[in-house]
Each structure stands twice: as C-alpha cells, then as structure tokens.
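Chemist: In our numbering, the protein residues as written are 76 to 450.
Quick reminder that beta carbons are idealized off the backbone N, C-alpha and C, glycines included.
Because the structure is a prediction, the values reported are computed rather than measured.
Here it is: the structure, laid out below.
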C-alpha cells in the first residue's frame, strides 16, 4: 500500500460518525423504510447490529491482508484482470457516492435555503474546498473531522433541547408499538443498514491506522455513536410531526428545528442546523472524494495527487446527472433501490473475495503440509 498518511483510532471513529450522520441530518430516509410508521425508531438498534454483520467480510479481509485496502485485495485474490476490474468498479462507486452526497448538499441549499442561487455555485464552492483537503491527504481530513465532531454533536444536542423546550415533542406519537409486527421492523433495520456506505470506507482506511490492535473498538464506537444520534434525531422528528406527516417531509429534522419557539425570543435558529449540516456534508464529500483518488493510485500507480483535479471535475457534473431534481434524488435513495445497490459493494463482493482467499489459504496450507510429509 502507498503511504497515505496515518490516522488514529479516535479519528476513524469520528469519520464514521460524521459521514453516517450526514444522510440522517438531511433526509432521515428511515422514515419511508418498512414499517414506515411510528415504529421506525425501533429500527435503530437493528441497524447497528446489521452494520456489524455486514462489516464481517471486510474486517476479516483486513485481518488476512492487514496492509491492503479492498482495491488491493481484489488484485491479490482475483488476479490481475479481474482485480483491476473490481478496483475500477470500487473507484466508480466512491466517485458516485461523492457525487450523490454533493447532489444532496446542493439540492438542500438550492431548495430550502437559497432557492435563487444556482445549483452549480454550491457544487463548485464545496468541491474547491474538498479538493484542497484531498490534496493535503488523509491526515488533514481526519484532523478536520476531529475538529468538527464536537461542534456537530453539541449543535444536535442544543437543537433537540430547544425543540423539546418548545413543547413540540409528543411522545404519544411513538405508540402503539409494533403495530405491524416485528418482522417489518427487522426488514427495515436490514435495509437501513445497507445504506451504510461508510463500511467500505472503513475497509479503505483500516490499513492507515497507526494502532491496529484496537481497530475493532474504534469501528464499534463509531457505529454506536452514530446509532445514538440516529435514534435521537428519529425520536425528535417522530415526536414533532408523527409518522404520517414526517415521512411526507423532505427535510424532517430541519423542519423540526424551524418550529423552535422558546419564550417568544428564541426563534429562527435554523443556523444551528445549517452549520452542523454543512460541516457534515464537507466531511462526507471529501472522504469519498479522497477514497476515489486514493483507490486510483492503487492501480499500480505511484501517487494520488495527479488525480485530485480530474476526479473533482468528474464529480461536479455527475452530481447534476445522478439526480437532476429532488424527486429523482429521493427515488434513487429509496429503500427499493439504494440499499440493494450498496449491498453489492459493502457485503457481496467482499464476501466472495474472503471465501476465495480462505480457499486459497487452505490449499496453500495443504500443499505445505504435503511437502513437509514428503521430506
């Protein structure tokens, strides 16, 4: 693996948390996932458990090849041609996810905050800052995440506290529980976990850890921290709007914050949301932008920096193409398409690679054993 810089366990944990949190802050897609009623908050614990299960092939691949990323593992296990094809496929996936996150960023700003400002202005602005961070490498990105994380956490907690003090949360909206039974909740938890694209990001970052002995703890901590805030956001939105109204709201957490009114003088505090959301958007776009150029450099190339600007120029127009409008964006990220698309990359391909690697290791061990006996 090329020297990509080193990150510590805390930075890995916070990168996972911020990146995963971004989608929940924006759309809270789980509201439309089965069971699509007041029970969606029950999905959160299952979301966490399924994330751990989906992470298993990626984690064991890393244990088998601790110095290799998923792109390099593909070349080692599948052979030169097939491995190269898999590498290109993953690089496309990272570019696509960066473009999708950028599209979500621009759609929100151009529809909810500054509707008269062109989409392309937001896209270019964020990509210029992201390109600067990517050029300076993983260590800079992880330090920025370390700086932003406390701001995001405090902002979410303040926002939820103000919504509560406004008297807008009605916990009766969470009942009756398990109205459609437990199986739809389990299915929703599985689908929700399949949108966890950060799992493949973890697989790319694990070889960059400066302390690998506690990598498992950092992964669990990041996923657990996200699940906690995922639950807080879901309960706030459901308590504010109720399930039927919430799932018809494009930006549910933002709309809940817009309703804040405490003592007739604490109002219009959407800036709290916009601040934490922009910081989260920057980390998510930058992380997958970096993974794309870093993955390119692992296709038998020497450095990732020559690819920073070319990949950035691909991400900007692609963000316009992947979702020309908010309707198509929400349709693609619905539970009918998005989870299954991600499942291929975060679980199915790594699982096949792991099985092939284990079979080859067993064959090598058998051959070594036979050679020893012949002596």
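To the nearest whole angstrom, what separates the beta carbons of residue 201 and residue 180, a pair I think is in contact under 8 Å?
Modeler: Confirmed, about 6 Å.
Chemist: Check whether the Cβ atoms of residue 113 and residue 331 sit closer than 8 Å, and answer yes or no.
Modeler: Not closer than 8 Å, so no.
Chemist: On the DSSP letters alone, give me the boundaries of the alpha helix (DSSP H) that residue 116 sits inside.
Modeler: Bounds of any alpha helix (DSSP H) do not take in residue 116, whose DSSP letter is neither H nor E.
Chemist: In the DSSP assignment, find the alpha helix (DSSP H) that holds residue 284 and state where it starts and stops.
Modeler: That residue, residue 284, is in no alpha helix (DSSP H); it is neither H nor E in DSSP.
Chemist: Would you mind reading off the limits of the alpha helix (DSSP H) that contains residue 333?
Modeler: 327-333
Chemist: Out of 337, 146, 365 and 165, point me to the one whose CA is closest to residue 237's CA.
Modeler: 337
Chemist: Three Cβ pairs or more, each shorter than 8 Å: is that satisfied between the segment 146-161 and the segment 347-365?
Modeler: no
Chemist: Would you report the Cα separation of residue 214 and residue 259, rounded to the nearest angstrom?
Modeler: 41 Å
Chemist: DSSP three-state call for residue 397: helix, strand or coil?
Modeler: helix
Chemist: Looking at residue 273 and residue 91, is the spacing between their C-beta atoms short of 8 Å?
Modeler: Yes, the pair counts as a contact, with Cβ atoms nearer than the cut-off.
Chemist: Do you know whose CA, among 105, 352 and 388, lies nearest residue 267's CA?
Modeler: 105
Chemist: For the alpha helix (DSSP H) that residue 350 lies in, which residues bound it at each end?
Modeler: 345-372
Chemist: If residue 367 sits next to residue 397, beta carbons under 8 Å apart, how far is it from one beta carbon to the other, in whole angstroms?
Modeler: Not confirmed; about 14 Å, so no contact.
Chemist: Along the alpha helix (DSSP H) that carries residue 207, what are the first and last residues, could you check?
Modeler: 194-211
Chemist: For residue 117, which residues of its own chain have a beta-carbon under 6 Å away from its beta-carbon, when the five flanking residues on both sides are left out?
Modeler: 260
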